[in-house]
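Visitor: Encoded as structure tokens, here's the structure I'll be asking about.
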Amino acid sequence: MDPTLRTRIISDLKDRLGSLPGRSRIVAKYIVDHPSDFGLDTIRETAFKAGVSTYTLVRLADRLGFGSYDAMREPFRHALVSVSAGFDHPEWIKRLRESGGLGQVQADASLNALAIVQRSLELQDPEQLQRVVTMLLEARSVYLTAVRASYSMAYYFYYVGRMALPTLQLIPRHMNSAIDDLHSAGEDDVMIAITFNPYSRETIDACKFARRRGVKLILISDSVLVSPDFSSDETIIVSVLSTHHFGCYAGSTALLDMLVALLVAGGSETATARIRSYEDLRRENQVYWVAPKKR
Numbered sequence: 556m557d558p559t560l561r562t563r564i565i566s567d568l569k570d571r572l573g574s575l576p577g578r579s580r581i582v583a584k585y586i587v588d589h590p591s592d593f594g595l596d597t598i599r600e601t602a603f604k605a606g607v608s609t610y611t612l613v614r615l616a617d618r619l620g621f622g623s624y625d626a627m628r629e630p631f632r633h634a635l636v637s638v639s640a641g642f643d644h645p646e647w648i649k650r651l652r653e654s655g656g657l658g659q660v661q662a663d664a665s666l667n668a669l670a671i672v673q674r675s676l677e678l679q680d681p682e683q684l685q686r687v688v689t690m691l692l693e694a695r696s697v698y699l700t701a702v703r704a705s706y707s708m709a710y711y712f713y714y715v716g717r718m719a720l721p722t723l724q725l726i727p728r729h730m731n732s733a734i735d736d737l738h739s740a741g742e743d744d745v746m747i748a749i750t751f752n753p754y755s756r757e758t759i760d761a762c763k764f765a766r767r768r769g770v771k772l773i774l775i776s777d778s779v780l781v782s783p784d785f786s787s788d789e790t791i792i793v794s795v796l797s798t799h800h801f802g803c804y805a806g807s808t809a810l811l812d813m814l815v816a817l818l819v820a821g822g823s824e825t826a827t828a829r830i831r832s833y834e835d836l837r838r839e840n841q842v843y844w845v846a847p848k849k850r
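Residue numbers for the sequence shown follow this note's numbering, so the first one is 556 and each next one is one higher.
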């Protein structure tokens, strides 16, 4: 089998996304976002996960020129790479599980977090991250935007990252919209947008506005298919696949930590001196706990 066929199918789905009817568009996005699951699962399991009927999957295969659904899925099965964590369960996980009760829940949650971090870090391409770091260090201003659950990650990255990247600005400020804070942005600037499914309308609008102003865009998300209304210069993908009934962003935080480390390394002695200055300032203002004297 042609080893490039899976890649070409994904590329074809991205190109056709805007012209596909509603249900087929949902399936196309699911396949692009979860190619390993698509290759592994049965047609019924894929239909359930994507929230469509099996007929929709068969229709999409026909639209792409395949003789059957299995013929469309086979390149994904052939090139299957498991998204599950590739590490043995550590002893402390086994001890938690053996403790019973909430210990089992704690063990499952711990494995879930470890798997998400590993999958997210495995997805990172060193060449792409080098391009991203160069863009950020060379930018006149770097805008950082996110809302709702993603805002906590944006604030963390801003708080830590500004030591290595003093041009970093968290927007919106002062209860404005992000667009208000982008009014003077232009081609010399970069914006980082963080958003995960379901994607925020405010973040999408900010991305569209930034692109119209010529701002370079770095997107941190769980998919390359966030909106057909704009394209990013770089899209950094992290995993949010979770065994919980809520989003898990441990992989996103690990990615942001990695970016800070790369920015520090890329900023050379200047960034290191700036971080040392921050640390000295914090030590000067730190409050230490002192044990009370015995009477």
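Yeah, the Cβ is synthetic: ideal placement off N, Cα and C, and Gly gets one too.
Please read all numbers here as calculations on a predicted model, not as lab measurements.
How far does the alpha helix (DSSP H) with residue 710 in it extend, from its first residue to its last?
Guide: Translated into the one-based positions of the sequence shown, residue 710 becomes position 155. 704-716 is the span of the alpha helix (DSSP H), which, as asked, contains residue 710.
Visitor: Residue 768 and residue 748: beta carbons closer than 8 Å?
Guide: Here residue 768 refers to the residue found at position 213 when the sequence shown is read from its first residue. Here residue 748 refers to the residue found at position 193 when the sequence shown is read from its first residue. Result no, Cβ atoms of residue 768 and residue 748 do not sit closer than 8 Å.
Visitor: Below 6 Å CB to CB, which residues in the same chain sit around residue 763 once its five sequence neighbours on both sides are set aside?
Guide: For this step, residue 763 is matched to residue 208 along the sequence shown. Cβ within range, chain order: 784, 785.
Visitor: With 16 other CB atoms within 10 Å as the buried threshold, where does residue 685 fall?
Guide: Residue 685 sits at position 130 when you count from the first residue of the sequence shown. Its Cβ having fewer than 16 others within 10 Å, residue 685 is exposed.
Visitor: What distance in whole Å lies between the Cβ atoms of residue 614 and residue 579, which are believed to be in contact at a cut-off of 8 Å?
Guide: Position 24 of the sequence shown, counted from the start, is the residue given in the question as residue 579. Position 59 of the sequence shown, counted from the start, is the residue given in the question as residue 614. Rounded, the Cβ-Cβ distance is 6 Å, consistent with contact.
Visitor: For residue 806, which residues in the same chain have their Cβ closer than 6 Å to its Cβ, ignoring the five residues on either side in sequence?
Guide: Within the sequence shown, the letter at position 251 stands for residue 806. These residues qualify, in order along the chain: 671, 672, 675, 793, 794.
Visitor: Sorted by chain position, which residues of the same chain lie with C-beta nearer than 6 Å to residue 588's C-beta, five sequence neighbours on each side aside?
Guide: The sequence position of residue 588 within the sequence shown is 33, counting from 1. Counting only Cβ-Cβ distances below 6 Å, and skipping sequence neighbours, we find 778.
Visitor: Judging by CA-CA distance, which residue of 753, 770, 724, 725 is the nearest neighbour of residue 743?
Guide: As a first step, residue 743 must be located in the sequence shown, where it is residue number 188. Nearest option by C-alpha distance: 770.
Visitor: Report yes if the CB atom of residue 936 is closer than 8 Å to the CB atom of residue 724, and no otherwise.
Guide: No statement about residue 936 is possible, as the shown extent of the chain runs from 556 to 850 and does not include it.
Visitor: Do you know how far the Cα of residue 808 is from the Cα of residue 735?
Guide: One-based indexing of the sequence shown puts residue 735 at position 180. One-based indexing of the sequence shown puts residue 808 at position 253. Cα to Cα, the separation comes out at about 27 Å.
Visitor: Quick check on the DSSP output: the alpha helix (DSSP H) that includes residue 730 runs from which residue to which?
Guide: For the purposes of this step, residue 730 is taken as residue 175 along the sequence shown, with counting starting at 1. That residue, residue 730, is in no alpha helix (DSSP H); it is neither H nor E in DSSP.
Visitor: Would you give the residue range spanned by the beta strand (DSSP E) that residue 772 belongs to?
Guide: For the purposes of this step, residue 772 is taken as the residue at position 217 of the sequence shown. Per DSSP, residue 772 belongs to the beta strand (DSSP E) from 771-776.
Visitor: Spatial neighbours of residue 758 within its chain, please: C-beta separation below 7 Å, excluding the five flanking residues on both sides.
Guide: Counting from one through the sequence shown, the residue named residue 758 turns up at place 203. Only 700, 701, 702, 748, 750 meet the Cβ criterion.
Visitor: Could you check the C-alpha separation between residue 678 and residue 596 for me, to the nearest Å?
Guide: Taking the first residue of the sequence shown as position 1, residue 678 is located at position 123. Taking the first residue of the sequence shown as position 1, residue 596 is located at position 41. Roughly 21 Å separates the two Cα atoms.
Visitor: Just mark residue 649 as buried or exposed, buried being the case when its beta carbon has 16 or more other beta carbons within 10 Å.
Guide: Start at 1 with the first residue of the sequence shown, and residue 649 comes out as number 94. Exposed.
Visitor: If we count the other Cβ atoms within 10 Å of its Cβ and call it buried at 16 or more, is residue 687 buried or exposed?
Guide: Mapped onto the sequence shown, residue 687 falls at position 132. By the neighbour-count rule (16 or more Cβ atoms within 10 Å), residue 687 is buried.
Visitor: Looking at the structure shown, is residue 780 part of a helix, part of a strand, or coil, going by DSSP?
Guide: Position 225 of the sequence shown holds residue 780. DSSP places residue 780 in coil when its eight states are reduced to three.
Visitor: Give me, in chain order, the residues of the same chain whose beta-carbon lies closer than 6 Å to that of residue 715; leave out the 5 immediate sequence neighbours on both sides.
Guide: For the purposes of this step, residue 715 is taken as the residue at position 160 of the sequence shown. Correct list, in chain order: 815.
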